[in-house]
Amino acid sequence: MYISLNWIKDYVDLKGVNINKLLNRFTLSVAEIEGVEYKGQNVSGVITAKIKSVKEHPTSTKLHLLKVDTGKAILDVVCGAPNVKEGMITAFAKIGANVNGVKIDKAKVAGVLSYGMCCSEKELGISDDNSGIMEFDANTKVGVDIKKIVDVDDVVFEIDNKSLTNRPDLWGHYGIAREIASLLNRELLPLKLEKATSFAGKVQPKVNVKSDACYRYTCASMNNITKKVSPINMRVRLYYAGMRGINLLADVTNYVMLELGQPMHAFDNACVKQIGVSKVKEETKFVTLDGVERVLPKDTTVITNGKEIGAIAGVMGGLDSEITDSTTSVLIESANFNGIDVRKTATNICLRTESSARYEKMLDPELTLTALKRYVYLVKSCDKGAVVSSGITDIYNYHYPKKVVEITKEYIDSYTGIDISKDKIKEILKSLEFKVKETKTNKFLVSVPTFRATKDINGKADIVEEITRIYGYDNIKAKSTLQPLVPTKLNRTVKLEYEVKYALATRYNLNEVHTYLWYDTAFNNQMGIKAKSVLSVVNSINKDNPYLRSTMLPSLLNVAYNNKQEFSNIRIMEIGRVIESLTSEGLANETKSLGIVLYSKSNTMEEMLMELKNMLEYIVTFEANAEFALKPATPTLNFFHPVNYYNVYCNNKNIGKLGLINPKVKNNFDKKCNIVMAEINFSALVDSKEYEPKFETLSKYQKSTLDFNFVVVNEKLFADIKNIANKIKTNLKYNVSLVDIFENQDGTKSYTLRYVIYALDHTLTGEEIENFHSTVIENFKENGINLKAN
Amino acid sequence: MVNNLDKVKQKFIEKLGSVNNEEELENLKVEFLGKSGEVTNLLKAIKDIPNDQKKEYGALVNTLKNEIDAELNKYKTLLEEKKLEEELKNTKVVDLTIPLNECTGSLHPITVTQHKLIEIFTSMGFIVEDGNEVETEYNNFEAVNIPKHHPARDMQDTFYLSNGQLLKTHTSAAQNRIMKKYGAPLKVIFPGRCFRNEQLDASHENTFFQCEGMMIDKDISISNLIYFMKQMLSSVFGKELNVRLRPGFFPFVEPGFELDCSCPYCGGKGCNVCKQGGWIELCPCGMIHPEVLKMGGIDINKYQGFAFGLGLSRLTMMNFNIKDIRLLNGGNLKVLSQTKVK
């Protein structure tokens, strides 16, 4: 929103105020100022001058030769404007003048010397009207600097609209002026309004309000309006504030809206018989002011002229009842509508206007009458012949509750952490038009002004905000707290997440990446990856990728794919979220998941699988401090190879999987490479119970070592052999370890196992050792495994 | 006989002069002091010496033996030194600057910044929590005082899901759950990934990180908020920074602020990073709205607190001089592998 400082000056005396300091203060206490423009800096030496004569140019059909009276001299001037005429008083740039950054010099125009230039409003930067040169009233004095007549000079600043969403009162200059008056501790001057007596005793326009979205409807009529164009300074203000002049009656509605924040609508009285406010009973077509036909959904609140729709409540008027140049009588609407309804309507018909943007903020219904009187006052001061032709109709159906907040100095101090005096508190609140009463029990009873009570101010915290922002946040000093110190325990998820990533990056040279929560559908299709999704985004801008992932791996494969041109080895990981299922209530079961993908153009798949196993074993054993195991399984995902696929166990609980990529997918990816992948349910890893070490007493007696060489014929895994090796029925203590594996020529495998045996209380006898030896052999034999024959 | 002694001595000195290594020296030792060595033979010859001269002769031979022994030892030391010298000279030069198991692993820049924040806040007594990425409308909006049709919902383009849930638009979505879990007093931060349904460009991502924080206790004030924010930002940037508050509107705080910190790059003088203003807008914050506390089960007659939402992605970009936010989720390993782990 653009704010004109000239406009503000109508209501606050800014004499002696440093404007830059004021604007900085405004940013720190009210809302962010995004930019400041110093209007008129590029304009100087432009005066009023009278065109004495107009002659045709000898060669050009468009140009005219003028004699221009500057009050001091008569000058020859060449001018191309279509509206030049004898006796016209216009804006004239003398030689040496500055017109929007261009220095005016005498110049030959189409062969004729010109001693200056007649200017349009656009050339002076005060409107976008370039249809002709400016024309002043015939009685305007000649030779006067136009800056004395037109407010070309102004400081215009832009406020970030977002920072005003909760402040309906700041959507007009008067509200901003109130804040500035408070910041400067100066008086806010009253608005000039039409007296109530002007309306007294006249017939009131008939209005029938049937929609509950209309909180208040105030209107009155004026007629005998003859002036069509609004005064130049009014148009300059509208232009500087981002709107453009249309005609007097429309301009004043905009002017009042920019001043008070209250949107207004002027109907041509010729088109209005009786005003009705109601909801449409069915979908209805309506042509708005901008000439677009729109479909209004059922229950949209509209203003009717008795039969036809004249305006969409709070959003925009219609083309049919628009003010035209022939309008002499007008019905002025100043109404208040429920902000939520206006917002819904604006969203439904995709039409957000200056008006709807204001209503959405929940405007103060008290404003309607003030705005109406202000409108009439302004029209009458612009057009002396205009008269009030009706009484005021004022239907006030919904009053916001009055708000009084009880607050103490102690409360304010505890919120700020500093000491703000009672007098200061009262002074600030009063400057913002809050009424403050101090009770005998040292409480403040703060009455909230109506323009702050619709939404913004509700409780004590809001009052604290008012006091502190005007007091100045920069006056609040940083202060530590006095809470007792308690050691903080880092939660295991947070701790493990970082440590696991750190270990994978430092020990195993993995690169951490971040990928999106949704699949790249095109990539999955291209690779032939089928992956489950139980949830999808319904309104994504990117319509191709709505499916949320249930596994990390396709995302990581995608990253590997995108990098494979540049690297011969890709080693990536991510701990991200996956949604594998929904709860019985239909809510997402979200889990953290660790995904690892290793891609190599040179390493063998065996090396890579072993490496991957190493990483997972490290994570489970040393990071999570739990028991690690792998068990062969059958993949459930189509992009895993059915062979060499293992489930990962942590404390005997399946927490993930590891394996090779399926050759079908790999061939789409890159035929000459190896890819292995693993995925761990990280939440389950975090939930696993930590292993608590218990120390065994070491034996003081000698240990014995026994080596065995077993031949395994079938495709047993070492895990199975280890299982057998650890089930020796004996009273002795023993540890078993794998010394060697040898692949025999006949396809069998030899495993050399070493047992270290001992007792805690004696040295083993030969017999004990012998017995242990035969027990081991017996045990293996029972499982179909025999010693290697020598 | 005494002449023999001189001859032996003379012979020894000559031979010693031509010894080149320890082996030759050992041989020389055997030749003179061995069982049938020259000196030993001289000793053996004592039996031919008249008795009255035996004592003197014996003493002379012993002196000779000691002299030879001493010479041998001296020479041995000399040889050893020479050998050591040669070894020192001839030892192979090993180039330890050749890289060995070079660390090519890396953590994501977000992880590095997040870890830094966690270290700072835990050192100030904050606990660290974690939130979901899929949230309910209630947690994301209602529980942080953004009712239906509130214009604030307009500011955020939300990804809605097929089951009626949504992807959280801000870390504040976890506030309610965390307050209910821990109650008051509470000092907590909760970093997390957030989502906005918008087009990507150099400064907009649909998936980004924030780090939210809350401190709830008796008498927590705006002064405290300023203090903790100042400490935190000074630690993050490794230098003393100033902070300032401006009014900001966020439905879950009252009063709400935009927190600016003095530009860490120019010290507040004005540069490209701070667009010549000297301040950088970093983090919305404020005193937690009483309604939000109430919904989180906190007794507002006893407790109050502040909350802040730090743009973790933004902070990371500043920290690592990343100009385009899309690099963070882009998965380009040439870019990402630059954040080596410290």
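Residue numbers (the numbering used here), protein chains in the order written: chain A, 219 to 1008; chain B, 4 to 345.
From the three backbone atoms N, C-alpha and C, an ideal C-beta is built for every residue, glycine too.
Every value quoted in this text rests on a predicted model; they were computed, and no experiment measured them.
Notebook entry, point to check: Whole alpha helix (DSSP H) runs in the segment 215–263 of chain B with 4 or more residues, listed along the chain?
Noted result: Runs of the alpha helix (DSSP H) inside the segment 215–263 of chain B: 225–240.
Next item on the list: Measuring alpha carbon to alpha carbon, tell me which of E798(A), K889(A) and A414(A) ends up nearest S820(A).
Entry: In terms of CA proximity to S820(A), K889(A) leads the group E798(A), K889(A) and A414(A).
Note to self: For H118(B), would you say it is in contact with chain A, using Cβ-to-Cβ distances shorter than 8 angstroms as the test?
What the structure shows: With 8 angstroms as the cut-off, H118(B) counts as an interface residue toward chain A.
Next item on the list: Have a look at the DSSP bridge pairing and note the partners of S799(A).
Entry: Looking at the DSSP output, S799(A) sits in a beta bridge with N807(A).
Notebook entry, point to check: With 16 as the cutoff for other CB atoms within 10 Å, does R434(A) come out buried or exposed?
Noted result: Taking all protein chains in view, the Cβ of R434(A) is crowded by 16 or more other Cβ atoms within 10 Å, so the residue is classified as buried.
Notebook entry, point to check: From which residue to which residue does the alpha helix (DSSP H) around A62(B) run?
Noted result: Unbroken alpha helix (DSSP H) run through A62(B): N54 to N93.
Check: Closest to N760(A) by CA distance: which of S109(B), V96(B), T210(B) and E294(B) is it?
Finding: Among S109(B), V96(B), T210(B) and E294(B), the Cα nearest to that of N760(A) belongs to T210(B).
Checklist line | CB of Y458(A) within 8 angstroms of CB of V374(A), strictly | finding: In this structure, Y458(A) lies near V374(A), with their beta-carbon atoms less than 8 angstroms apart.
Note to self: Quick check: what's the CA-CA separation for T571(A) versus K579(A)?
What the structure shows: If I take the Cα positions, the gap works out to 13 angstroms.
Notebook entry, point to check: Could one say the Cβ of Y836(A) lies closer than 8 angstroms to chain B's Cβ atoms, at least one of them?
Noted result: Interface flag for Y836(A) against chain B is unset, since no Cβ pair is found closer than 8 angstroms.
Next item on the list: Sort out for me which residues DSSP pairs T626(A) with in a bridge.
Entry: Its beta-bridge partners are K661(A).
Item checked: 8 angstroms Cβ cutoff, E683(A) in contact with chain B -> Yes, its Cβ sits closer than 8 angstroms to a Cβ of chain B.
Note to self: Just verifying my parser: in three-state terms, what is the DSSP assignment at F354(A)?
What the structure shows: F354(A) falls in the strand class under three-state DSSP.
Notebook entry, point to check: Is the beta carbon of N727(A) less than 8 angstroms from the beta carbon of T822(A)?
Noted result: Result no, Cβ atoms of N727(A) and T822(A) do not sit closer than 8 angstroms.
Check: Do you know how far the Cα of H282(A) is from the Cα of L382(A)?
Finding: Rounded to the nearest angstrom, the two C-alpha atoms are 51 angstroms apart.
Item checked: Distance, G251(B) Cα to K380(A) Cα -> For K380(A) and G251(B), the distance between alpha carbons rounds to 9 angstroms.
Next item on the list: Count the other C-beta atoms from every protein chain shown that fall within 10 angstroms of the C-beta of R462(A), then say buried if there are 16 or more, exposed otherwise.
Entry: By the 10 Å Cβ count, R462(A) comes out exposed.
Check: Are the CB atoms of I269(A) and K303(A) nearer to each other than 8 angstroms?
Finding: Judged by their CB atoms, I269(A) and K303(A) are nearer to each other than the 8 angstroms cut-off.
Check: Taking 8 angstroms as the CB-CB cut-off, is P258(B) touching chain A?
Finding: It does; some Cβ of chain A falls within 8 angstroms.
Check: At a Cβ cut of 8 angstroms, what residues of the segment 770–789 of chain A count as close to chain B, listed as they run along the chain?
Finding: If the cut-off is 8 angstroms between Cβ atoms, the segment 770–789 of chain A has N776, V777, N780, N781, E784, F785, I788 and R789 near chain B.
Item checked: Alpha-carbon to alpha-carbon, T358(A) and S1026(A) -> The displayed coordinates of chain A run from 219 to 1008. Any statement about residue 1026(A) would go beyond what the structure contains.
Check: Between D51(B), V191(B), D133(B) and S21(B), which lies nearest to S901(A) when the distance is taken from Cα to Cα?
Finding: When each option's Cα is compared against that of S901(A), the closest is D133(B).
Next item on the list: Please list the partners that T114(B) has in chain A, where partner means a Cβ-to-Cβ separation under 8 angstroms.
Entry: Result: Y716, K719 and E730.
Check: Taking C-beta to C-beta, are V42(B) and I16(B) nearer than 8 angstroms?
Finding: No, these two residues do not count as a Cβ contact at 8 angstroms.
Next item on the list: Please go through the same chain and pick out, in chain order, the residues whose beta-carbon is closer than 7 angstroms to the beta-carbon of T739(A), but skip the five residues on each side of it.
Entry: Once the five neighbours on either side are set aside, the close Cβ partners of T739(A) are D762, N763 and Y765.
Notebook entry, point to check: F129(B) CB to nearest chain A CB: under 8 angstroms?
Noted result: At least one CB atom of chain A sits nearer than 8 angstroms to the CB of F129(B).
Note to self: Can you list, in chain order, the residues of its chain with a C-beta nearer than 7 angstroms to that of E330(B)? Leave out the 5 residues immediately preceding and following it.
What the structure shows: According to the sequence displayed, residue 330(B) carries Leu and not Glu. If we look at L330(B) and ignore the five residues flanking it on each side, its Cβ neighbours are V338.
Item checked: Bridge partners - Y458(A), DSSP secondary structure assignment -> Y458(A) pairs with nothing; no bridge assigned.
Next item on the list: Compare the C-alpha of A718(A) against each of C297(A), S811(A), Y952(A) and L401(A) and name the closest.
Entry: The residue asked about is misnamed: residue 718(A) is Val in this sequence, not Ala. Ranking the options by Cα distance to V718(A), first place goes to S811(A).
Margin query: 8 angstroms is my cut-off, CB to CB: does N821(A) come that close to chain B?
Written below: Against chain B, the CB of N821(A) has no partner CB under 8 angstroms away; the residue lies outside that interface.
Next item on the list: State the start and end residues of the unbroken beta strand (DSSP E) segment that holds M127(B).
Entry: Where M127(B) is concerned, there is no enclosing beta strand (DSSP E), given that its DSSP letter is neither H nor E.
Notebook entry, point to check: Does the beta carbon of S381(A) come closer than 8 angstroms to any beta carbon on chain B?
Noted result: True, the Cβ-Cβ gap to chain B drops below 8 angstroms.
Check: Going along chain D, which residues have a C-beta under 8 angstroms from I223(B)?
Finding: Among the chains of the structure shown, chain D does not appear; the protein chains present are A and B.
Next item on the list: Determine, using beta carbons only, whether I394(A) and I613(A) come nearer to each other than 8 angstroms.
Entry: Not a contact, by the Cβ cut-off of 8 angstroms.
Next item on the list: Could you tell me whether the Cβ of Y230(B) comes closer than 8 angstroms to any Cβ of chain A?
Entry: For Y230(B), a Cβ of chain A is located within less than 8 angstroms of the residue's own Cβ.
Note to self: Can you list, in chain order, the residues of its chain with a C-beta nearer than 8 angstroms to that of L935(A)? Leave out the 5 residues immediately preceding and following it.
What the structure shows: In the same chain as L935(A), and ignoring 5 residues on each side of it, the C-beta atoms closer than 8 angstroms to its own belong to P850, in chain order.
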